[in-house]
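Going by full-length UniProt numbering, the first residue of the sequence shown is number 1, and it counts up by one from there.
Take a look at the structure set out below.
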Amino acid sequence: DRPAQGTEEWNQMRRINHKEVERKRRETINEGIGMLSALVQKEYSQPERNKGAILRKAAQYIEKLKNNETNLTERYTLDKLLSDQTIADLQSKLEKTKQECERAWREVDIWKRAA
């Protein structure tokens, strides 16, 4: 069913298959660039048609997102440290207050017994 290797028919079939594979590859690349373009257009006011410019803006956008992530991670870490310190301070104050209350109740008991 397949033409013999090296024949004109075989070469023509090979070219057709290659064209189809190449067409699908370009289509996949263009779809990906289209998706990137849609994401980047939200960030930049002027729409871009040039694939190179879209890729460049996408790289800038990714870099911006990575910087934002780093900043948010640093801020979260600092906030967590401050929150943990505040919790520890409040727990310490609570423990002191409990001890003062217990001491005050013991004094009340002593005064009641003395009266």
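A virtual CB, placed ideally from N, CA and C, is assigned to each residue, including glycine.
When we look at the beta-carbon of residue i and count the other beta-carbons within 10 Å, is it buried (16 or more) or exposed?
| i | result |
| --- | --- |
| I54 | buried |
| V108 | exposed |
| S92 | exposed |
| S37 | buried |
For residue i and residue j, I'd like the C-alpha separation in whole angstroms.
| i | j | result |
| --- | --- | --- |
| G6 | K24 | 25 Å |
| E74 | A59 | 23 Å |
| A88 | L94 | 10 Å |
| N68 | V40 | 16 Å |
| N71 | M35 | 26 Å |
| A114 | Q85 | 43 Å |
| A4 | W10 | 6 Å |
| A104 | K98 | 10 Å |
| V21 | M13 | 12 Å |
| R2 | T28 | 29 Å |
| E100 | D79 | 31 Å |
| R15 | R26 | 16 Å |
| W111 | L90 | 31 Å |
Measuring alpha carbon to alpha carbon, tell me which residue in the options is nearest residue i.
| i | options | result |
| --- | --- | --- |
| K57 | E8, I33, R15 and L82 | I33 |
| K51 | N30, R14 and K96 | N30 |
| K42 | V21, Y61 and S83 | Y61 |
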